[in-house]
Each structure stands twice: as structure tokens, then as C-alpha cells.
Amino acid sequence: MRTELVSEPGDPDRPNEDFTAVVLPASGQGGALVILDGVTPPRDGTGCLHSVPWYVARLGGALTELTVSRPDVPLAGVLARAIARTAEAHAGTCDLSHPRTPQATVVTARWSPETVEYLVLSDSALLVESSEGSVTAVLDDRLSRLPRSALATDALVDANVRNKEGGFYTAAADPSVAERAVTGTLPRATVRALLAMTDGATRWVEKFREGDWEDCFRFVRKEGAQALVDRVRELERRDAEERAYLRRSKTHDDASVVYVEL
């Protein structure tokens, strides 16, 4: 079984707000991957005493543990429990109703001898390679479908589209958001490999147009997860000089990649 995990901060002087994990249960059957991308807060605060890295470590730890310890619970239910557990850890000290309470995008997948389950919430990505070699992108594209006018300012986003009907959803403090995730189950025999990425790594496809999702998968299979992040960093540095892609909000973003061959 081949697994690769890479996670790099966008700025070495700032904490990485991503979380990544690959776990194999003690039973020796199946496994799981988890990848979170913490949402960088605005300067005017979040209503919370804790940092985004604190939140993603708590949520990621709970999600990883519950994904393998509760194989009887669907992944949406696992995410709901992990969000509730994390919220409980700071409900007494923080305003969890604040629209920018610490939050994150989520990708998780769990495989057993019979099935492969997946869950995607917000703009991280999961690529699934079939036993026949085709690649399918599992995406929650609600954020990308919003008009740019709806995303013009933080105030507009928070008031109208963040964790709201008709907008987009992230894992924050409300467990019910788990029901908004993109989920599915596939026969294990039909899946060869999985590739999960935060949006700092999906820039290879979505911002720099180096290829499509299938090209991205093939690149990681051949060159490795680190090579994908290295290439994105190279493109970001070049873009910082050429300013060719003005829609990007950050020159560099935290970038995480998890690759698993089942």
C-alpha cells in the first residue's frame, strides 16, 4: 500500500492552518484519510479566544479518531459528532455564533474490504481513480458558483453566503452543516487510489491550468505529492513577478496533499 502526505505552510513565518492524516485501524482492515483547510480569519476577529490551527487540530483529531472508531456511523454523522465535540471544547469561552468562528473545509474518505466512503465540504478536492484507470473529481463547487459580487467584501460574505442557504458551507460550530456535505459510497473493488488536496494544492488545476484533474492525478502518481506542491510554489513565485492571475487572494497558500493507493 503506497501512501504519501505533504503539508506546507504558505508563509514559513505563519502557522500552517491545514490538517492532514492517514490512519490504518488496529484491525488491519481498511483505513481512512482526513484533510482540512482552516479558513484564515479577517483582522477584526472571530469571537474566539483560539487560533485557526487550534481549531483544525481539534476538529481533525476528533474526525480522524471517530472515522476509524465508529465504522458503523456514516461520514456525515462522524463529521457532525466531531464538530459537536470541538464546539463543546470552547463553547464556554468563545462566541460560537460569530460568522467567523474558527472553521475549515473538509475532505475525508474511509475504506473497508467492501466499500469506499467519501465526504467533501467546501473547496478542497478529492480525486478517485477507478480500477479501470479513469479519474473522477469529487467537488463541492458551491463557492465557485457564486457571483463575484457576492464575494466582494468579508462583510458581504459573512452576512449573505457563509454557511447560509444559497451560499456555501464550512465546518464551524454547527453540527448540522455535515448534512450539507457531498457524500457517497463506492464498491471497494472499483477504486484503485485516492488523492485529496486543499485549495493551495488544487491551484495546479484551478488557477494555473497546468492540466485537468486527471492530469493532476497522473502527475502525483508519477512524480509524487511533494513534486505537486513544489510545482505550485514555482508557479506562484513566477506569478508574483508577472502578476498574470490577479484573482488570487494570496501569493502563497497552505498546501496539503494526501495520496493513497488502496
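The opening residue of the sequence shown carries number 2 in the working numbering; numbering runs sequentially from there. Note that CB positions come from ideal geometry on N, CA and C, so glycine has one too. These figures come from a predicted structure and were not determined experimentally.
Burial state of R174, where buried means 16 or more other Cβ atoms lie within 10 Å: As a first step, residue 174 is located in the sequence shown; it is residue number 173 there, counting from the start. Per the sequence shown, residue 174 should be read as Ala rather than Arg. Burial call: buried.
Alpha carbon of G212 to alpha carbon of T94, nearest angstrom: Residue 212 sits at position 211 when you count from the first residue of the sequence shown. Residue 94 sits at position 93 when you count from the first residue of the sequence shown. Roughly 46 Å between the two C-alpha positions.
Does DSSP classify P176 as helix, strand or coil? For the purposes of this step, residue 176 is taken as residue 175 along the sequence shown, with counting starting at 1. Helix, per DSSP.
Ignoring anything shorter than 3 residues, give me the beta strand (DSSP E) runs that lie fully in the segment 129-153, in order along the chain. 136-140
Coarse secondary structure for S28, derived from DSSP in three states: The count along the sequence shown starts at 1 and reaches residue 28 at position 27. Three-state DSSP puts S28 in coil, outside helix and strand.
Quickly, what does DSSP pair R163 with across the bridge? List them, please. Within the sequence shown, the letter at position 162 stands for residue 163. Paired residues: F169.
Quick check on T30: buried or exposed, where buried means 16 or more other Cβ atoms within 10 Å of its Cβ? In the sequence shown, counting from the first residue as 1, residue 30 sits at position 29. Residue identity differs from the one stated: residue 30 is Gln in this sequence, not Thr. By the 10 Å Cβ count, Q30 comes out exposed.
Since D19 and L6 should fall inside the 8 Å C-beta cutoff, what is the C-beta to C-beta distance between them, to a whole number of angstroms? As a working note, residue 19 is residue 18 in the sequence shown. As a working note, residue 6 is residue 5 in the sequence shown. About 11 Å; that fails the 8 Å criterion.
Threshold first: 4 residues or longer. Then list the alpha helix (DSSP H) segments lying entirely within the segment 27-82, N to C. 53-70
Coil, strand or helix - R193 by DSSP: Here residue 193 corresponds to residue number 192 of the sequence shown, with the count starting at 1. R193: strand per DSSP, three-state reduction.
Residue from D12, T4 and P16 with nearest C-alpha to R238: Here the question's residue 238 lines up with position 237 in the sequence shown. R238 has its Cα closest to that of D12, out of D12, T4 and P16.
Within this structure, are the beta carbons of A190 and S132 separated by less than 8 Å? Along the sequence shown, read from residue 1 onward, the residue named residue 190 stands at position 189. Along the sequence shown, read from residue 1 onward, the residue named residue 132 stands at position 131. Yes. Within cutoff.
Could you spell out where the alpha helix (DSSP H) holding T203 opens and where it closes? The sequence position of residue 203 within the sequence shown is 202, counting from 1. Counting along the chain, the alpha helix (DSSP H) containing T203 begins and ends at D200 to E207.
How close, in whole Å, do the beta carbons of D200 and N17 come, if the pair is a contact with beta carbons under 8 Å? Along the sequence shown, read from residue 1 onward, the residue named residue 200 stands at position 199. Along the sequence shown, read from residue 1 onward, the residue named residue 17 stands at position 16. Not confirmed; about 14 Å, so no contact.
Determine the extent of the alpha helix (DSSP H) in which E18 is found, giving its start and end residues. One-based indexing of the sequence shown puts residue 18 at position 17. Looking at the DSSP string, E18 is not in any alpha helix (DSSP H), and its letter there is neither H nor E.
So for R111, helix, strand or coil by DSSP? Indexing the sequence shown from 1 puts residue 111 at position 110. Looking at R111 - three-state DSSP - the assignment turns out to be strand.
Reference A202, options E130, A228 and S177, closest by Cα: For the purposes of this step, residue 202 is taken as residue 201 along the sequence shown, with counting starting at 1. Closest option to A202, Cα to Cα, is A228.
What's the C-alpha gap between T186 and A156? The count along the sequence shown starts at 1 and reaches residue 186 at position 185. The count along the sequence shown starts at 1 and reaches residue 156 at position 155. Rounded to the nearest angstrom, the two C-alpha atoms are 37 Å apart.
Would you say the segment 115-127 touches the segment 82-89, given that touching needs at least three Cβ pairs under 8 Å? no
Do you know how far the Cα of D96 is from the Cα of V192? Taking the sequence shown and counting its residues from 1, one reaches residue 192 at position 191. Taking the sequence shown and counting its residues from 1, one reaches residue 96 at position 95. Going from the Cα of V192 to the Cα of D96 covers about 42 Å.
Does any C-beta atom of chain C lie closer than 8 Å to the C-beta of L64? Considering every chain present, this structure includes no chain C. It has just one protein chain.
Expressed to the nearest angstrom, what Euclidean distance is found between the alpha-carbon atoms of R219 and D159? Numbered from its first residue, the sequence shown carries residue 219 at position 218. Numbered from its first residue, the sequence shown carries residue 159 at position 158. Approximately 37 Å, taken between the alpha carbons.
When the Cα of S28 is compared with those of V121, P72, A138 and G46, which residue comes out closest? Sequence index remark: in the sequence shown, residue 28 carries index 27 (1-based). The shortest C-alpha separation from S28 is found at P72.
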